[in-house]
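Visitor:
Protein chains in written order, with UniProt numbering: chain A, 1 to 394; chain B, 1 to 978.
#1: Tell whether a beta-carbon distance below 8 angstroms holds between residue 158 of chain A and residue 2 of chain A.
#2: Which residues, taken in chain order from the stretch 204-220 of chain A, show a beta carbon closer than 7 angstroms to some beta carbon of chain B?
#3: Residue 655 of chain B and residue 290 of chain B look like a contact to me (Cβ under 8 angstroms); what is the Cβ gap, rounded to whole Å?
#4: Tell me, please, whether the CB atom of residue 747 of chain B is closer than 8 angstroms to any CB atom in chain A?
#5: Hey, does residue 160 of chain B have any beta-carbon neighbour from chain A nearer than 8 angstroms?
#6: Which residues of the stretch 352-376 of chain A have a Cβ closer than 8 angstroms to any Cβ of chain B? Give them in chain order.
#7: Classify residue 284 of chain A as buried or exposed, calling it buried when 16 or more other Cβ atoms lie within 10 Å of its own Cβ.
#8: Could you compute how far the alpha carbon of residue 885 of chain B sits from the alpha carbon of residue 847 of chain B?
#9: Would the stretch 240-256 of chain B count as touching the stretch 684-697 of chain B if we require 3 or more Cβ pairs under 8 angstroms?
#10: Leaving aside the five residues before and after residue 867 of chain B along the sequence, list all residues of the same chain whose C-beta is less than 8 angstroms from its C-beta, in chain order.
#11: Taking 8 angstroms as the threshold (C-beta atoms), are residue 399 of chain B and residue 569 of chain B in contact?
#12: If the criterion is Cβ atoms closer than 8 angstroms, does the pair residue 426 of chain B and residue 545 of chain B meet it?
#13: In this structure, how does DSSP classify residue 82 of chain B when only helix, strand and coil are distinguished?
#14: Within 10 Å of its beta-carbon, does residue 204 of chain B have 16 or more other beta-carbons around it, so buried, or fewer, so exposed?
#15: Which of the residues in the stretch 233-246 of chain A, read from start to end, lie with their CB under 8 angstroms from any CB of chain B?
#16: Does the ligand NAD have even one heavy atom less than 7 angstroms from the beta-carbon of residue 284 of chain B?
#17: Below 9 angstroms between beta carbons is the criterion; list the residues of the stretch 76-99 of chain A that meet it against any residue of chain B, in chain order.
#18: Return no unless some Cβ of chain B is closer than 8 angstroms to the Cβ of residue 23 of chain A.
#19: So what does residue 88 of chain A bridge to, in DSSP terms?
#20: According to the neighbour-count rule (16 or more other Cβ atoms, all chains shown, within 10 Å of its Cβ), is residue 327 of chain B buried or exposed?
#21: First and last residue of the beta strand (DSSP E) that includes residue 417 of chain B?
#22: In the DSSP output, what is residue 414 of chain A paired with across the bridge?
#23: Determine whether the Cβ of residue 210 of chain B lies closer than 8 angstroms to any Cβ atom of chain A.
#24: DSSP three-state label for residue 6 of chain A, please.
#25: For the stretch 9-21 of chain A, list every residue whose C-beta sits within 9 angstroms of some C-beta in chain B, in sequence order.
#26: Is the stretch 671-686 of chain B close to the stretch 290-310 of chain B, with three or more CB pairs under 8 angstroms?
#27: Here's a check: name, in chain order, each residue in its chain whose Cβ is nearer than 8 angstroms to the Cβ of residue 775 of chain B, leaving out the five neighbours to either side.
#28: So that I know if they touch, is there some Cβ in chain B lying closer than 8 angstroms to that of residue 325 of chain A?
#29: Quick one, which of B:924, B:944, B:939 and B:960 has its alpha-carbon nearest residue 985 of chain B's?
#30: Are there 16 or more other CB atoms within 10 angstroms of the CB of residue 187 of chain A, so buried, or fewer, so exposed?
#31: Please report how far the alpha carbon of residue 200 of chain A lies from the alpha carbon of residue 164 of chain B, in whole angstroms.
#32: Please confirm whether residue 7 of chain A and residue 58 of chain A have their CB atoms less than 8 angstroms apart.
#33: Identify whether residue 660 of chain B lies in helix, strand or coil by the three-state DSSP scheme.
#34: Can you give the beta carbon distance from residue 670 of chain B to residue 315 of chain B, rounded, assuming they're within the 8 angstroms contact cut?
#35: Does residue 87 of chain B come out as helix, strand or coil in the three-state DSSP assignment?
#36: If we require 4 or more residues per run, which alpha helix (DSSP H) segments fall completely within the stretch 821-892 of chain B?
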């Protein structure tokens, strides 16, 4: 019987993405949320007397690999050390070894080197556990080191593989580091694979159990839903994992129907909806309000409503922050004219490029913009169309 | 699309009319006010909605309340069969529209709008409607831009113009970003992020500082650790040294002892001295004991010899005598008691004899129960007879008294007796008086009846007489009148007579009344009264009849009672005599009994019974006295026997016998004998004990002497002093050996081995102490260094802590990301709008470049056609329309004639309609547009419309064009006007 925690992608102190400007209390909560979530995980580890903890990379965030996060982690590791809990940890693409650890970890923290290593652990009930893994040495490690993982031939204990990489069938458009197939992993005959890198929690196979634990705190609206870690229990015959949510702030998209677009009515309806959400804790919300009626709302009024809804949350601890609110008219026709134009010129690259160039050619701006290839033409068009619709509604 | 027919329910002045418009070109003629505009407006309204108030057009609702609206039948090109559109007044200003499909289903507003490709009323008018005003100022109404607009607008939703869109977009773009701008949002954010970046750079330096601090911290910690280890080692050595100093003296002692013990060990018996001395003491004491005991033994033997031991037999004898003491004492007491009792009983007998008057005891008197019961029965019989006697005498007295009273009563009653005649007269009077009373009652009743009858009769008579009087009076008056007035005397007197006569008659009739019955009764009463008086006069009847009768009866009763009583008295006197004789007999019997009991005659009969009981008591007591006397004799003989026995036994014991003192004496003698015997036994025991003890002690003394000799022999000592010397030598050796062993163990425990001990024994203590001092100094110097480094470390740690606690870089990174995010958001907005803007502009450019030339070219050809070749070109020069005459001259529209200008306008419009053919297929409506044309020109243009235009044309005019066939003409008549 072994009991351990598998977590990954803590991205401690990672910055957040939001569309709206938030008041300081919410920004502060957001800044702290990765720490709060991680703290909950460490509390859980101590309360439930786990055998050891596994962190499958990206513990820190490349955009803000802060001293604060290292100090925090050190304190937490020391807590584990006081309770005799070992930690096995690899570095991922966001926190490669070469970036250097400024502080030193307690002796109970085992960090894997750039080549595949094996640590042997003993559980409280005397079972042998072999933990294999490697860390990203430099910023990015495209070289697949899967071949270096030893194959379990003797079956003399529980074998766990740590890997920070991309499942070959994953469709997510992220850095595809260390791509692997299920066959690669299965061939090692391990009992458990603790994967990191992909932020969405998923189980690739049940036998052997191969899990992405996902990150422990969402950072933008695309990382919606509950976030946390996996508690893995069992023995060499059967391991099972349980998801334990620890996120401090939930990112979520909601769709609601509104019965009126009168400023006050709309404000009231959304406020009611917000208060219903509030019992589930802090949330950053993207809201799509559907309206089925003849009335029209002026865009200035809509902005005013949104501002009001946001101002209400300024000093609230359990905030429901409406990061973005779209009002969709159910019977709204598409702008036929625009569609006409799109049909004629939508595939015209030069027009598209020219539109981006204004900003991408400005050196003061372009360094803060995403890679030009990452911008989706369709998304841009739809955004523009929606903006235009709003503008024309004034 | 073609309008087949219209049916107006009510619109302006037109009420409930149908028009067939199913022609390619149709002329609708009507004079002014005939309803042309109304019909045109009707078509617009049904297709696009009734005019709203804001449109500035009359709504034309029927004034008389008829239904507002109507329906149009239309054939669309893409529909197989005609459909009907009906619009009537509804909730909204534009009215409610229903589209009836060929298959019977219906559609609504939306369907129609879509079917008409979203064109609105205004656009429809400006493209498909021709009127005089529109044609007048072509410069104003159809610039190149307008034309472009119309072309662009085709197919667009609503009437938003591209211009508006671009304006709005540009404004928004400017709001978001300007290259090198300051105010726009994005520019402001760039400025903010620049500031943040600077700060981050600053803080990154701190971080480098932190790294160097951490490495310094590591270095210091290592240094401290090395030195701490040194201090530790030195401290260990120092401790060792201090221990050496502590044990140095003992080590030296050990060494000395080691040398001392290096000889042959001395042999000596275990605890030799103690043992020897103990034996010696023992022996001296033993000898003393023997002497003491022998002396005491002699004294005891002397004492024993003086004692005289009594005989056992004597003691037994005395004990036997003492045993009998209680028995003898008891017997003597019993004799005394019995003697007292005998004398008491004699006294009692004497008293009893006195009671019954005996001078001596008569033992033979019969006192049995038979005698007693006989006396009893005699006595009871006697008492009974005595009681009867008393009763009888009392009864006789009572009877006698009774008789006397009766006699007196009889004599009284006889005096009061009345005669029989008196009684009879009284009876008669009573009967008469009763009769009289009855008669008087009857009389009163009759009298009352009579009075009432009389009253009624009087009343009747009065009425009759009044009547008669009045008639007669009238007759009399008539008669008088006859006399006075007519002087007719015959009649008059006749009447008068009759009247007077009747009066007279009346008077007479009244007197004939009588009361005969009343008088009869009065007479009878009086007769009776007389009779009563007569009888009472003859006899004395002044008494109560019933009382007299009672008195007679009572007298009779008393006489009979007197007779009965005298008989009873006689009987009683006889019975009393018999009873007296039986009493005498009983007295005789009782005196006989007394004689038998030998008691005096005088004793009352009632006492006899008690006497019998007393005699019995006397006899009883006598028997008891006899029994006691026998017992006393027995006891006396027992005592005598005891005295004789005892005297015999004690005659050689030197004591006198007396029955009272013998037990006391015996007891004294016995106690003395016993005491003497006990003393003797005691002495004997002590003597034996001492003799034994002396033997034992003597034996022990001998053993001790033997032991002492053995001890001296062990060390081969000739005398005691030599023995003691050997003892001292042995002790010293033992002590040294023990001390040596003790030190060895102690030093062994402190890890001092043989070599180390020998080595240390050679050192001087002072040397060791000097060494210790040197070590202490070294340690202190190390400690100072450590302290210094630790304070350094504390400083470094403090700085590290300061940097660690300070999460500003982290915060800045967050701010940076947030700002970056905002920039991204704004940039995306900006780029998206820019993209839309560029698309729109590309579109406009495309229209400008591609479609407009075609339209202008088409217009040119139409213009050339309808001007019969006088003008050969139409062109836009810098957004200004120009035309080219066939002579090559180019004119501005303002320079050409009005009608030509209108032709140009028409040409452009027709060209536009053709260009928009793919978007809109709608009927063309011409509203008297050709007023400025001469006949030829009108004909030409109409001809053009009729032949070159595919769309349906509705031509409204107030001048009937003869050139148009009458089947293509509708004439609106005056009758429409109401």
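Glycine included, every Cβ here is placed at the ideal spot set by N, Cα and C.
No experiment lies behind these values; they were computed from the predicted model shown.
Guide: The short version:
#1: Their beta carbons are under 8 angstroms apart, which means residue 158 of chain A touches residue 2 of chain A by this criterion.
#2: Answer in chain order: no residues at all.
#3: Incorrect: roughly 50 angstroms between the Cβ atoms, too far for contact.
#4: At a cut-off of 8 angstroms between C-beta atoms, residue 747 of chain B does not count as an interface residue with respect to chain A.
#5: Low confidence applies to residue 160 of chain B: its pLDDT is 49, below 50, so where it sits in the model is not reliable, and the reading given next is rough at best. Output row for residue 160 of chain B: interface = yes.
#6: Contacts with chain B (Cβ-Cβ distance below 8 angstroms) from the stretch 352-376 of chain A involve 352, 354, 355, 356, 358, 359, 362, 364, 365, 368, 369, 370 and 375, listed in chain order.
#7: A residue is called buried once 16 or more other Cβ atoms fall within 10 Å of its Cβ, and residue 284 of chain A is buried on that count.
#8: Computed Cα separation, rounded: 27 angstroms.
#9: As far as the Cβ criterion goes, the stretch 240-256 of chain B does not touch the stretch 684-697 of chain B, which means the pair count is below three.
#10: The beta carbon of residue 867 of chain B sits closer than 8 angstroms to the beta carbons of 900 and 903 from its chain, once the five residues preceding and following it are set aside; these are given in chain order.
#11: Yes; because the gap between Cβ atoms is below 8 angstroms, this pair is in contact.
#12: Yes, the pair counts as a contact, with Cβ atoms nearer than the cut-off.
#13: Coil.
#14: Exposed: under 16 other Cβ atoms inside 10 Å.
#15: From the stretch 233-246 of chain A, no residue has a Cβ closer than 8 angstroms to chain B.
#16: Annotation note on the ligand NAD: not contained in the displayed structure, which lists no ligands.
#17: Answer set for the stretch 76-99 of chain A: empty.
#18: So no, residue 23 of chain A is outside the interface.
#19: The partner list for residue 88 of chain A (beta bridge, DSSP) reads A:54 and A:110.
#20: An exposed status is given to residue 327 of chain B, since fewer than 16 other beta-carbon atoms sit within 10 Å of its beta-carbon.
#21: Neither: residue 417 of chain B is in no beta strand (DSSP E) and is coded neither H nor E.
#22: The requested residue 414 of chain A does not occur in the structure, where chain A is confined to residues 1 to 394.
#23: So yes, residue 210 of chain B belongs to the interface.
#24: Strand.
#25: Taking 9 angstroms as the upper bound on Cβ-Cβ separation, chain B lies near residues 13, 14, 15, 16, 17, 18, 19, 20 and 21 of the stretch 9-21 of chain A.
#26: Yes, since at least three Cβ pairs between the stretch 671-686 of chain B and the stretch 290-310 of chain B fall closer than 8 angstroms, the two stretches touch.
#27: Leaving aside the five residues that flank residue 775 of chain B on each side, the residues in its chain whose CB is nearer than 8 angstroms to its CB run, in chain order, 234, 237, 238 and 241.
#28: Interface criterion not met: the Cβ of residue 325 of chain A is under 8 angstroms from no Cβ in chain B.
#29: The structure shown does not extend to residue 985 of chain B, since chain B is modelled only from 1 through 978, so no value can be given for it.
#30: It is exposed - the Cβ of residue 187 of chain A has fewer than 16 other Cβ atoms within 10 Å.
#31: One C-alpha to the other measures close to 45 angstroms.
#32: 8 angstroms or more divides the Cβ of residue 7 of chain A from the Cβ of residue 58 of chain A.
#33: Coil at residue 660 of chain B, not helix or strand.
#34: In this structure, residue 670 of chain B and residue 315 of chain B form a Cβ contact; the two beta carbons are roughly 6 angstroms apart against a cut-off of 8 angstroms.
#35: The three-state secondary structure of residue 87 of chain B, taken from DSSP, is strand.
#36: Note on the stretch 821-892 of chain B: whole alpha helix (DSSP H) runs with a minimum of 4 residues are 852-866, in chain order.
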